[in-house]
Amino acid sequence: MRRQNAARPENGDPTALPSGLIDHKEPLTTISRSQGKPPTESDNSIPISNERRWFHWHESGTSKADKKLIFKLDWFLLSFSCLYFFIKQLDGNNISNAYVSGMKEELGFGPGNELSWMNTYFNIGQIVGGPLSNLALTVIRPRFWLPGCLVAWSLFVLFLFKCNTASEFYGLRFCIGFFESAAWPGVQYVLGCWYRKSEMARRSGLFVMSGVLGQMFSGYLQSALFTGMEGKGGMSSWRWLFIFDFVLAVPVAIYGIIFYPDTPENTTAFYLSDSERQRARARIEEEGRTPVGKMDRTVFTRILTSWQLYTFSLGYAFWTLTCGSYVTQYFSIWLKSLNIYSVPQINNIPTALGAVNFFFMLTSGFVADKIGRRGPVCFAVGCLLTFCFAVFTAWPASRHLKMAAFILSGCYGCYTPLLAGWVNSSCGGDQQLRAFTLAFMVSLGQAVVIPFQQLQFPSGEAPTFTRTHGWVSGLCFVIILTLWTGFGIESVEWLVGRKEKGKSVIVDEPNNDV
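Everything in the sequence shown is counted per full-length UniProt numbering, starting at 1 for the first residue and increasing by one.
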């Protein structure tokens, strides 16, 4: 009988080796893949270290060859991923910038909660498209699928500049959401194919931070267009925003078709040598994530009986039910209701929320990699988010306190890279499970937030939501989110690991070699 768990990480640490293989109290050591020889710079060795610097891009002991490979991945794979998500968030945020920059008044919106319905139809599109898109990624080359979806949704964004009725916006927003659904789970899936567990949190954080920059840039762009393009070509500046967003998307799609490397199993990237392609596959295999499973009749059985699907989908659903992703919209509406800020200021001030988001995504990824756990990081961020929603619930007279709470609530965004990295590491080499879980948890989150947002956070009641008690319900879900991601997911992971370890003890033969 063969031993099954010889390389299983212990205690949830993605960099830990099984006890008995190495003394963790010893200084930095390297296990060479060639026994009997000391490791060299050219050897593809596995670094083992108990000490990590707080800010590091490569793990200690990474060989020069691996650093060169990672550099190429960061330069081409990660750069396109960041540009892709930048455009995605730019196009997702433009509707709220347009709404407070003249669209509401020009088209007579407001009493009918049109902005909320635009969000709803967008979310419905994401629900329908997400799981289908990520399963398609397992059989269609990502460098064709992802840029193709980018071109498709950007065309629908372009068509928004001709809209004059709410129903036209609703239809186009559905189409945008359908094709945009490929962005977040799709890119996270591909990143998980190339990067090791200990590298994922930083890269996922950087990837999602690019979306924060997209949100911020949308505000700056609308502000500049309001100043310089208002009335040009007989159009309002908010219509020009959709045109400029389309123009920015085209070169990103072309860049992706040329440089995106697909996955290690099918890459034909011209900038990777044969040895680097082999090493890319070996890096993933070394930590027990060799791609397994295939698109057959067993795929849904594997997925539906997995603990990852339900555990992470619940976490993401709690995250969306806080309605934190709409806080920027409510922030802008509140600023406009004060009647003391200009249109450029209303677009620019909320970008401070994005700056906070950027900071937390950067630091949370490094801290998660440092301690080898994501639960404590999620709990700490949840405590800060609880404070912000408590302020919204109380709605004090102090304008400065509410301003601070709105800006600090930007910490909310770091949950997405933390959860995505968690899924990538916990699903191992099951590509279909990993792809479907990443997409399904987003679709479930959007599905539950659609009716919730309409009932609790209708745009006509913004920013106080006194009648619907929106902030109260949001606070409740922030607390649930904090507890589930802080303790719940790790508890489930520990229980499942303990159960699997018990099974492996039964089937393993005693072995005193280790």
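Note that beta-carbon positions come from the ideal geometry of N, C-alpha and C, so glycine has one too.
- Annotation: the region 371-416 contains the following complete segments of the alpha helix (DSSP H) (minimum length 4 residues), in chain order: 375-394, 399-408.
- Collapsing the DSSP output to three states places Asp262 in coil.
- Between Phe436 and Pro147, the alpha-carbon positions lie close to 20 Å from each other.
- For Val128, the enclosing alpha helix (DSSP H) covers residues 114-137.
- A check of alpha carbon separations from Ser79 across Ser223, Val212, Phe259, Arg498 identifies Phe259 as the nearest.
- The criterion of a C-beta distance shorter than 8 Å is satisfied by Tyr271 and Phe76.
- The region 178-186 makes no contact with the region 357-372; the number of CB pairs closer than 8 Å stays below 3.
- The DSSP-derived three-state label of Asn339 is coil.
- For Gly365, the closest C-alpha among the options Gly421, Ile333, Lys402, Phe318 is that of Gly421.
- Gln446 is positioned such that its CB atom lies no closer than 8 Å to that of Ile176.
- Under the DSSP assignment, Tyr189 falls in the alpha helix (DSSP H) whose first and last residues are 183-194.
- Here DSSP, grouped into helix, strand and coil, assigns Asn164 to coil.
- Our two residues, Thr290 and Lys88, have alpha carbons roughly 31 Å apart in a direct line.
- Here Val250 is exposed: its Cβ has fewer than 16 other Cβ atoms, across all protein chains shown, within 10 Å.
- Secondary structure at Ala224: helix, using DSSP grouped into helix, strand and coil.
- Between Gly125 and Phe174, the CB-CB gap stays under 8 Å.
- Leu475 and Thr393 do touch by the CB rule: their CB atoms are close to 5 Å apart, below 8 Å.
- As the crow flies, the alpha-carbon of Glu199 is around 36 Å from that of Phe452.
- Around the beta carbon of Arg467, fewer than 16 other beta carbons sit within 10 angstroms, so the residue counts as exposed.
- In the three-state reduction of the DSSP assignment, Arg239 falls in the helix class, which pools H, G and I.
- Residue environment: Asn339 is assigned as exposed (fewer than 16 neighbouring CB atoms within 10 Å of its CB, all protein chains considered).
- Annotation: Ala152 to Gly502 spans about 49 Å, alpha carbon to alpha carbon.
- Counting C-beta atoms within 10 angstroms of its own C-beta, Asp274 has fewer than 16 neighbours from the protein chains shown and is therefore classed as exposed.
- When Pro264, Arg297, Ala269, Gly112 are compared, the shortest CA-CA separation from Arg281 is found for Pro264.
- Counted as a single uninterrupted DSSP element, the stretch harbouring Leu272 is not any alpha helix (DSSP H), since DSSP gives it neither H nor E.
- Closest option to Ile284, judged by alpha-carbon separation, among Gly192, Val381, Phe217: Gly192.
- Rounded to the nearest whole angstrom, the CA to CA distance from Phe156 to Trp484 is 37 Å.
- Scanning its chain for C-beta atoms nearer than 6 Å, with the 5 sequence neighbours on each side dropped, one finds around Ala98 the residues Trp238, Leu241, in chain order.
- In chain order, Gly130, Pro185 place their CB closer than 6 Å to the CB of Val442, counting only its own chain and leaving out the 5 sequence neighbours on each side.
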